[in-house]
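To start, the structure itself, in structure tokens.
Residue numbers (the working numbering): 471 to 565.
Printed below as a string of structure tokens:
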């Protein structure tokens with residue numbers, strides 16, 4: 471869980487710089503030398519600062535799969551809380 475928190479923090483810190491460098495890298499009007507310098511700059515950034523490396527995890531159990539994005543809870547914990555009326559506005563379907 472701490473690893474995921476660290477990745478989220480780094481991605482937030484480097485987001486503006488990453489956006490600027492990627493804009494230079496993908497601009498085909500600029501000279502190739504400038505694009506290559508931007509490639510080296512993006513490679514020099516910390517690997518965990520890339521937003522692709524962020525994994526949605528349950529905040530209680532750190533489970534990486536079956537996470538309800540809106541609540542950031544795994545399906546197991548979500549169902550447990552819904553069964554025991556610990557989440558406002560959520561109830562199991564009954565028919």
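Glycine residues also receive a C-beta, built at the ideal position from the N, C-alpha and C atoms. Note that this is a predicted model, so its numbers are computed, not measured.
Sub-8 Å separation of residue i and residue j beta-carbons
i           : j           : result
residue 518 : residue 477 : yes
residue 512 : residue 497 : no
residue 525 : residue 474 : yes
residue 553 : residue 545 : no
residue 516 : residue 480 : yes
Sequence-distant residues of its chain with Cβ nearer than 8 Å to residue i (five each side left out)
i           : result
residue 543 : 528, 529, 530, 537 and 551
Own chain, CB closer than 7 Å to residue i, minus 5 neighbours either side, in chain order
i           : result
residue 532 : 471
residue 495 : 505, 508, 509 and 512
residue 521 : 481
residue 547 : 528, 530 and 531
residue 541 : 548
For residue i, the first and last residue of its enclosing alpha helix (DSSP H)
i           : result
residue 505 : 502 to 514
residue 475 : 472 to 483
residue 546 : 545 to 553
Proximity test, residue i beta-carbon vs the ligand ZN heavy atom, cut-off 7 Å
i           : result
residue 513 : The ligand ZN is not among the ligands present in this structure, which contains no ligands whatsoever.
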